[in-house]
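Peer 1: Handing you a structure now.
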Amino acid sequence: MLTITIVESNPRPMPPQATHFLREFAALAPDTAFRVIAPYDAPFVPAQLDGTDGVVFTGSSVDWGAGDVRAEPLAVAMRAAFAAGLPVFGSCNGMQLAAVVLGGACEASPRGREDGVAVAVTKTPQGRAHPLLAGRPDSFAVPCIHRDSVSRLPPGATLLAGNDHSPVQVFAQIGDGVDFMGCQYHPEFAPVWLADILRGRGADPALCDALHDASERPAAAARLGIDGADLAPAARVTELRNWLAHVATRARAAA
24 MLTITIVESN
34 PRPMPPQATH
44 FLREFAALAP
54 DTAFRVIAPY
64 DAPFVPAQLD
74 GTDGVVFTGS
84 SVDWGAGDVR
94 AEPLAVAMRA
104 AFAAGLPVFG
114 SCNGMQLAAV
124 VLGGACEASP
134 RGREDGVAVA
144 VTKTPQGRAH
154 PLLAGRPDSF
164 AVPCIHRDSV
174 SRLPPGATLL
184 AGNDHSPVQV
194 FAQIGDGVDF
204 MGCQYHPEFA
214 PVWLADILRG
224 RGADPALCDA
234 LHDASERPAA
244 AARLGIDGAD
254 LAPAARVTEL
264 RNWLAHVATR
274 ARAAA
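Right under this line is the structure:
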């Protein structure tokens, strides 16, 4: 049985981000064990990774970026995961954190926020051949909500996909003990949930209504300028499915 550790990247009392991964992973890999650690709430200790086959870093709703000194509790956990040679996945803040930890940079996006749906996310030639994006079309749309973006990739990283708003939407870094894959968007977020969050933040009601219905109503998807099939559950969780397969392959090889 695989064991995956999810690093909760919201401090209490913010709503937990790990819940979304737990829901999707339970459907994708019901025989896998999952545990959650929260470095913002209790200091990380390396023993928390004992017996772990892979580590996930969630998104975050904090006011500071991944390069801020206040993000150090998460960075400590990520450095330990890399030092242990574990496969690591990060979404949104999790990908940004990896960029910083591995020697790149993250900052507030010069294009402002990207909320609701990241459109026309396009694979690079390397992305078309990479297992993380297997099953994705060359251009696709995905749920997103973020303020910051990766402004410089780490040395040795491979850009897998980007769009006009965020040139770094997906990257991977494999080698020298590091095994990282991550995306700026949120494959773990159900569009209905994201629509409600954005509505609560005062986002455009038309955007929220269309996002709420996009995976089931073609007309709503068209209002977002996307194909609703991209947001259907089986397509939306592509990166999660593929990363779990990667972890399983590594675990079998190590057995």
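Numbering-wise (our numbering), the sequence shown opens with residue 24 and increments by one.
Every residue gets a Cβ at the ideal spot worked out from N, C-alpha and C, and that includes glycine.
Based on Cα-Cα distance, which residue from Pro210, Asp86, Leu25, Ser172 lies nearest to leucine 72?
Peer 2: For the purposes of this step, residue 72 is identified with residue 49 of the sequence shown, where counting begins at 1. The shortest C-alpha separation from leucine 72 is found at Leu25.
Peer 1: Please classify alanine 261 as buried or exposed, where buried requires at least 16 neighbouring CB atoms within 10 angstroms.
Peer 2: Along the sequence shown, read from residue 1 onward, the residue named residue 261 stands at position 238. In the sequence under discussion, the amino acid at residue 261 is threonine, which differs from the alanine named in the question. It is buried - the Cβ of threonine 261 has at least 16 other Cβ atoms within 10 Å.
Peer 1: Whole-angstrom Cβ separation of valine 270 and proline 110, contact assumed at under 8 angstroms?
Peer 2: As a working note, residue 270 is residue 247 in the sequence shown. As a working note, residue 110 is residue 87 in the sequence shown. The pair is a contact, with the Cβ atoms about 5 angstroms apart (cut-off 8 angstroms).
Peer 1: So, with DSSP's three-state summary, where would you put aspartate 171?
Peer 2: Taking the sequence shown and counting its residues from 1, one reaches residue 171 at position 148. Three-state DSSP puts aspartate 171 in a strand.
Peer 1: Since arginine 259 is in the alpha helix (DSSP H), which residue starts that stretch and which ends it?
Peer 2: Against the sequence shown, residue 259 aligns to sequence position 236. Element bounds for arginine 259: 256-259.
Peer 1: Of all the alpha helix (DSSP H) runs that stay within the bounds of the segment 213-268, which reach a length of 4 or more residues?
Peer 2: 214-223, 228-236, 241-247, 256-259
Peer 1: Would you tell me roughly how many angstroms separate the C-alpha atoms of tyrosine 63 and arginine 275, rounded to the nearest one?
Peer 2: What you label residue 63 is simply residue 40 of the sequence shown in a count that begins at 1. What you label residue 275 is simply residue 252 of the sequence shown in a count that begins at 1. Rounded to the nearest angstrom, the two C-alpha atoms are 33 angstroms apart.
Peer 1: What residue range does the alpha helix (DSSP H) around leucine 45 cover?
Peer 2: The residue given as residue 45 occupies position 22 in the sequence shown. Leucine 45 -> alpha helix (DSSP H) spans 41-51.
Peer 1: Specify the secondary structure class of glycine 150 as computed by DSSP and reduced to three states.
Peer 2: Counting from one through the sequence shown, the residue named residue 150 turns up at place 127. In this structure, glycine 150 counts as helix in the three-state DSSP scheme.
Peer 1: Kindly indicate the opening and closing residues of the beta strand (DSSP E) around alanine 56.
Peer 2: Translated into the one-based positions of the sequence shown, residue 56 becomes position 33. For alanine 56, the enclosing beta strand (DSSP E) begins and ends at 56-60.
Peer 1: Using the beta-carbon count (16 or more within 10 Å), is threonine 272 buried or exposed?
Peer 2: Start at 1 with the first residue of the sequence shown, and residue 272 comes out as number 249. Classification of threonine 272: exposed, given that the 10 Å Cβ count is below 16.
Peer 1: Quick check: glycine 82 and serine 114, are their CB atoms within less than 8 angstroms of each other?
Peer 2: Translated into the one-based positions of the sequence shown, residue 82 becomes position 59. Translated into the one-based positions of the sequence shown, residue 114 becomes position 91. Pairing glycine 82 with serine 114 gives a Cβ-Cβ distance under 8 angstroms.
Peer 1: Using C-beta distances below 7 angstroms, list every residue in its chain close to alanine 157, excluding the 5 sequence neighbours before and after it, in chain order.
Peer 2: Reading the sequence shown from its first residue, position 134 is the one you call residue 157. Around alanine 157: Asn265.
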